[in-house]
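Using the UniProt record's numbering, you'd call the opening residue of the sequence shown number 1 and step up by one each time. Working notes, structure below.
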Amino acid sequence: MFRPAVCRTLSNVGYTFKVEYVCSSAWANARDIINVQLDAIREAKTYKNERIIISKQDARIRVADTPQTVINFCANNYLGLSSNSQIIEAGKQALEQYGAGLSSVRFICGTQSLHKELEKKIAQFHGREDCIIYPSCFDANAGLFEALLTPEDAVLSDELNHASIIDGIRLCKAQKHRYKHRDMADLEQKLQESSSARMRLIATDGVFSMDGNIAPLPDICNLAKKYNAMIFMDECHSTGVLGKSGRGTEEHFDLNGSVDIINSTLGKALGGAAGGYTTGKSELVSLLRQKSRPYLFSNALPPAVVACGIKALEIIIENPSLVERLHKNTKIFRSSMKSKGLETIGDDHPICPVMVPEDKAVAIANKMLDKGIYVIGFTYPVVPKNRARVRVQISSSHTEQDILKAAEAFQSVITELVH
Numbered sequence: 001m002f003r004p005a006v007c008r009t010l011s012n013v014g015y016t017f018k019v020e021y022v023c024s025s026a027w028a029n030a031r032d033i034i035n036v037q038l039d040a041i042r043e044a045k046t047y048k049n050e051r052i053i054i055s056k057q058d059a060r061i062r063v064a065d066t067p068q069t070v071i072n073f074c075a076n077n078y079l080g081l082s083s084n085s086q087i088i089e090a091g092k093q094a095l096e097q098y099g100a101g102l103s104s105v106r107f108i109c110g111t112q113s114l115h116k117e118l119e120k121k122i123a124q125f126h127g128r129e130d131c132i133i134y135p136s137c138f139d140a141n142a143g144l145f146e147a148l149l150t151p152e153d154a155v156l157s158d159e160l161n162h163a164s165i166i167d168g169i170r171l172c173k174a175q176k177h178r179y180k181h182r183d184m185a186d187l188e189q190k191l192q193e194s195s196s197a198r199m200r201l202i203a204t205d206g207v208f209s210m211d212g213n214i215a216p217l218p219d220i221c222n223l224a225k226k227y228n229a230m231i232f233m234d235e236c237h238s239t240g241v242l243g244k245s246g247r248g249t250e251e252h253f254d255l256n257g258s259v260d261i262i263n264s265t266l267g268k269a270l271g272g273a274a275g276g277y278t279t280g281k282s283e284l285v286s287l288l289r290q291k292s293r294p295y296l297f298s299n300a301l302p303p304a305v306v307a308c309g310i311k312a313l314e315i316i317i318e319n320p321s322l323v324e325r326l327h328k329n330t331k332i333f334r335s336s337m338k339s340k341g342l343e344t345i346g347d348d349h350p351i352c353p354v355m356v357p358e359d360k361a362v363a364i365a366n367k368m369l370d371k372g373i374y375v376i377g378f379t380y381p382v383v384p385k386n387r388a389r390v391r392v393q394i395s396s397s398h399t400e401q402d403i404l405k406a407a408e409a410f411q412s413v414i415t416e417l418v419h
């Protein structure tokens, strides 16, 4: 056994404490295994370093070790509400009135009037009967499928669904079918193959976050009706983004009420604080309150976070111009890039991946930061081989000058590093 004594001084409280720990042979073995994995990640050039933001999240931010203020094109802050003064004030008031947290799960003593108010507002926003909120949408996705589906049922999932949907489906005991990305012929084949299931649930992202493309909801609805299947849709990149009033994929296609189960987040367009939710029929929500493990065994959302979500919804409902501006800014960026001969993929969505050579993506993103534009490069295996991209995310808080500056920077950097 190796027993080093380690001392640390807590200068802010003015005393020294001594910690003794044991480094066992089991940990030494585990450490070697872990380091092999870390080395493999670094060799694959997929090691994720976290840049430190030293300002509020906004269209312009300060990044540690970067001398200039940079324009942020890689946040999910679609409506620019993350640093909205009204939302911040709502959070402050809730902190004073309701405290820092609940120190409890919801069903014991972790439900305040604020939580019920937020759930009601979300349900009304989506035109649903009820809503249940979670610490994150990852939790909402992790808690849905296992609570709803049994071995008698089947779930049919798009192959490019978000990791949280994939993990949630893994936790359930239903029959699992994966269909090719947005391929309705393959989905129909999987529906035919699962005809003996008691219930069938088609699971899809509303918007796929790496490509910025939108699920073909009209076609999915036709198949769901034909084969008596339900539809689940993750709307994290759709809520507050798609549709005239930001109500998501259904509104985008003028198919309001067509999706049986909607999961989404408060952590993107709706203020960016934290929290996820499931909204749908009252019986579904009641079942989740009884059986969904992330809900039952996680602390309730802090009051300040809940209050921020309530205020964000109110702002979106009262100011549809925010969504209009987001759509306008998206068109400006995509058309500007096209005019410069630069390829962006995806549908008419503010996720605008700029396609670049595999070996240049990271270098392009770093050079863009030098020019005051903060974006992120993605390469294999995060995205398919030879489909590297620099992902750009547009916000309603960007000015037209911000967007044009980004497009010009892309043209300059790609010309320098690629052509």
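Glycine residues also receive a C-beta, built at the ideal position from the N, C-alpha and C atoms. All values derive from a computational prediction rather than experimental measurement.
Determine whether the beta carbon atoms of residue i and residue j lie at a separation below 8 Å.
i	j	result
residue 308	residue 334	no
residue 326	residue 245	no
residue 304	residue 135	no
residue 280	residue 249	no
residue 295	residue 122	no
residue 181	residue 160	yes
residue 144	residue 292	yes
residue 262	residue 235	yes
residue 271	residue 118	no
residue 152	residue 198	yes
residue 221	residue 214	no
residue 74	residue 345	no
residue 163	residue 191	no
residue 156	residue 194	yes
Quick one: is residue i buried, meaning 16 or more other Cβ sit within 10 Å of its Cβ, or exposed?
i	result
residue 137	buried
residue 71	buried
residue 297	exposed
residue 85	exposed
residue 401	exposed
residue 141	buried
residue 425	In the structure as shown, the chain begins at 1 and stops at 419. Residue 425 is therefore absent and cannot be evaluated.
residue 31	exposed
residue 34	exposed
residue 265	buried
residue 403	buried
residue 38	exposed
residue 441	The displayed coordinates of the chain run from 1 to 419. Any statement about residue 441 would go beyond what the structure contains.
residue 100	exposed
residue 1	Note that residue 1 scores a pLDDT of 43, beneath 50, so its modelled location is shaky and nothing firm can be said.
residue 385	exposed
residue 373	buried
residue 40	exposed
residue 64	exposed
residue 381	exposed
residue 179	buried
residue 290	exposed
On the three-state DSSP scale, how would you describe residue i?
i	result
residue 23	strand
residue 154	strand
residue 2	Model confidence at residue 2 stands at a pLDDT of 47, short of 50, so the residue's coordinates are unreliable and nothing is read from them.
residue 234	strand
residue 201	strand
residue 222	helix
residue 412	helix
residue 165	helix
residue 377	strand
residue 393	strand
residue 213	strand
residue 382	coil
residue 110	coil
residue 29	helix
residue 140	helix
residue 9	Residue placement at residue 9 is flagged as unreliable, the pLDDT there being 49, under the threshold of 50; the coordinate-derived value follows with that caveat. If DSSP states are grouped into helix, strand and coil, residue 9 belongs with the strands.
residue 91	helix
residue 50	coil
residue 191	helix
residue 249	helix
residue 419	coil
residue 149	coil
residue 420	Outside the displayed range of the chain (1 to 419) lies residue 420, so it cannot be described from this structure.
residue 258	coil
residue 241	coil
In the DSSP output, what is residue i paired with across the bridge?
i	result
residue 98	Answer is none; residue 98 lacks a bridge partner.
residue 206	Looking at the DSSP assignment, residue 206 forms no beta bridge with any residue, so it has no partner.
residue 227	Paired residue(s): none; residue 227 is not in a bridge.
residue 179	158
residue 130	280
residue 265	276
residue 105	299
Beta strand (DSSP E) runs contained entirely in the stretch 295-369, provided each spans 3 or more residues: Listed in chain order, the beta strand (DSSP E) elements of length 3 or more contained wholly in the stretch 295-369 are 351-355.
Within the stretch 52-77, ranges of the beta strand (DSSP E) (whole runs, at least 3 residues): 70-72, all fully within the stretch 52-77.
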